[in-house]
Amino acid sequence: MRKYLFLLCMLGGLAAQADEMTCGSVGNAFGPFDYRHQFGEPKRLVESAHFTPYIESLIRGRTALHVGGDIDYTLRAFPNHHRALLSMMNLALREQNNKPRGSRYTVDCWLDRAERFAPDDGMVKVLWANWLIKQGNKTEALSKLEAGLKQAPESDMNFDYSVGLAYFDLQRYEESLAAAQRAYRAGFQLPGLKQKLSKLGRWQEPAPLPEDAEAKPAAVPEATVEQATPAAKTEVAEPGSAPAAP
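Heads up: the sequence shown runs through residues -18 to -1, 1 to 228, numbered per mature numbering (1 follows the signal peptide of the UniProt record, and there is no 0).
(1) Under three-state DSSP, which class holds Ala11?
(2) Can you find at least 3 beta carbon pairs, one from the region 80 to 91 and one from the region 3 to 17, that sit closer than 8 Å?
(3) Under three-state DSSP, which class holds Pro190?
(4) Taking Gln163 and Pro188 to be in contact with their CB atoms under 8 Å, please state how far apart those CB atoms are, rounded to whole angstroms.
(5) Taking its Cβ as the centre, do 16 or more other Cβ atoms sit within 10 Å of Ile41, making it buried, or is it exposed?
(6) Compare the Cα-Cα distances from Phe99 to each of Phe33, Lys116, Leu152, Leu57 and report the closest residue.
(7) Roughly how many angstroms separate the alpha carbons of Gln34 and Phe150, rounded to a whole number?
(8) Following the continuous alpha helix (DSSP H) through Ala100, name the residue where it begins and the one where it ends.
(9) Among Ala96, Ile53, Arg83, Gln153, which has the Cα closest to the Cα of Leu124?
(10) When the Cα atoms are used, what is the spatial distance from Gly84 to Leu73?
Take a look at the structure:
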């Protein structure tokens, strides 16, 4: 038994080394910082220079020739920066290139780096699941999605919305509806998932909250994953989904 456990540890270590050789160490001169917990000066410095609304929307870069260069910088400083990961995914689909111009790594590598840096970040796994769906790998996507659900943050409408979109593309409409209802009940603004479910006759309004539940103001959603077929190579974020920095 001990030999078996030792072998598993050895194999896990070799796999991690292989990932690092292919996708690079997550170490960085500035940071790296955890996107979930860093809301101070480092985040402000990086986003004000390398992840402006124009960069997030893929309109133009600021410090790099290609917008991918600025997103690259953001992801090296914040490997699990959810919105930057999504923007890199959008850029890859738009350019029809898994390694967009200005990016030193492929989208798969950026997601791998994010997961290695923050293995307990469920949103990274959900984003990865959506990316795998777009590549036509639904079996692995479901596995990533289920792993992400085990690490679900408490009451996160962006997480629930992204989960709902993934389940929709996996044609698991009951799970998609449940996630969508949680997101919209929490105040999510974008109508994309509701419209998708409505077109299939699957949408149901969420049950009202109990009268004694504390009312929460509607929050501004982060950029979230909208589905696109691999053939279409369209972008994954719903138009107008780029938020103000949280």
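Ideal Cβ placement from N, Cα and C applies to all residues, glycine included. The structure presented is a predicted model; accordingly, all values stated were derived computationally and were not measured.
With the structure as the only source:
(1) The DSSP-derived three-state label of Ala11 is coil.
(2) With a cut-off of 8 Å, the region 3 to 17 and the region 80 to 91 count as touching, because enough Cβ pairs lie within range.
(3) In the three-state reduction of the DSSP assignment, Pro190 falls in the coil class.
(4) About 4 Å; that satisfies the 8 Å criterion.
(5) Of the residues assessed, Ile41 falls on the exposed side of the cut-off, its CB having fewer than 16 other CB atoms within 10 angstroms.
(6) Closest in alpha carbon position to Phe99, among Phe33, Lys116, Leu152, Leu57, is Leu57.
(7) The question names Gln, but residue 34 is Thr in the sequence shown. Whole-angstrom Cα-Cα distance: 30 Å.
(8) Ala100 -> no alpha helix (DSSP H), and no H or E assigned at all.
(9) That would be Gln153, whose Cα lies nearest to the Cα of Leu124.
(10) Computed Cα separation, rounded: 11 Å.
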